[in-house]
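**Q** There's a structure below that I have some questions on.
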Amino acid sequence: AQSVSQHNHHVILSEAASLELGCNYSYGGTVNLFWYVQYPGQHLQLLLKYFSGDPLVKGIKGFEAEFIKSKFSFNLRKPSVQWSDTAEYFCAVNAAGGGADGLTFGKGTHLIIQP
Amino acid sequence: NAGVTQTPKFRILKIGQSMTLQCTQDMNHNYMYWYRQDPGMGLKLIYYSVGAGITDKGEVPNGYNVSRSTTEDFPLRLELAAPSQTSVYFCASSYGVTQYFGPGTRLTVL
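Taken in order, these protein sequences are the chains called A and B. In the numbering used here, each residue carries its 1-based index in the first sequence increased by 156. In the numbering used here, each residue carries its 1-based index in the second sequence increased by 9.
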């Protein structure tokens, strides 16, 4: 079974600051990796995903993430955050080639951007 | 496309009552899922389905039942509501690996 660990449960930044949210997973095989965002009062939206290939993936709204296989990590980054980035961020994983496998989520990081 | 829709948005139940959470998708996705989200926790998989007539348990299936009679619909049933089932419930669907989520149902059991 997989597990996902997000180390930062609450992060507070000022606008224009750089962001990095940590995500580590535990699984013995090949995985698919995802970052989802949940804005206040809204449902989860996909930010970006990694299946294979270039370990640096770019998503919507200027977010990117880097898959480091040796560290079992998939950290989310953004060079300059905006107030509108205030949200809950979830890292998720499932087994590659698992077809319909459900996602295993981390506990989430609550990000607050101060104007 | 409306995507994944869920009804109701909010519901309060008394202990022991039953109810069905509805989920419909119009993307012709084969795979559908039910998750619950508790405060300070990530989502946990309750049940999933790979197609009409096929369902399987996820990580936390106790107290729930599902059915999948059509590709579009995947209702989740609570037979005897308990306070531990107070949560936000999300339905999701996918064609391949990427899952698309509905807006959620906030359920309170008192």
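From the three backbone atoms N, C-alpha and C, an ideal C-beta is built for every residue, glycine too.
Can you check whether the CB of D82(B) is closer than 8 Å to the CB of T33(B)?
**A** Cβ atoms of T33(B) and D82(B): closer than 8 Å.
**Q** Taking only three categories from DSSP, how would you classify D65(B)?
**A** D65(B) falls in the strand class under three-state DSSP.
**Q** Is there a Cβ of chain B sitting closer than 8 Å to that of H199(A), yes or no?
**A** Yes, because at least one Cβ of chain B sits closer than 8 Å to the Cβ of H199(A).
**Q** Residues in the same chain with beta-carbon distance under 6 Å from Y42(B), minus the five sequence neighbours each way, listed in chain order, please.
**A** Result list for Y42(B): Y57, A101, in chain order.
**Q** Pick out the complete beta strand (DSSP E) segments inside the segment 184 to 225 of chain A, 3 residues or longer, and give them in chain order.
**A** Correct list: 187 to 194, 201 to 206, 212 to 214, 220 to 224.
**Q** Could you tell me the alpha carbon to alpha carbon distance between S208(A) and L267(A), rounded to whole angstroms?
**A** Using only the alpha carbons, I get a separation of about 28 Å.
**Q** List, in chain order, every chain A residue whose beta-carbon is nearer than 9 Å to that of M50(B).
**A** The answer, in chain order, is F261, K263, G264.
**Q** List, in order along the chain, the chain A residues whose C-beta lies closer than 7 Å to that of F110(B)?
**A** What F110(B) touches in chain A: H199, L200.
**Q** Any C-beta of chain A within less than 9 Å: which residues of the segment 92 to 116 of chain B qualify?
**A** Taking 9 Å as the Cβ-Cβ cut-off against chain A, the residues of the segment 92 to 116 of chain B that qualify are F99, A101, S103, G105, V106, T107, Q108, Y109, F110, G111, P112, G113.
**Q** Looking at chain B, is there any beta carbon in it that lies within less than 8 Å of the beta carbon of F228(A)?
**A** No, because no Cβ of chain B sits closer than 8 Å to the Cβ of F228(A).
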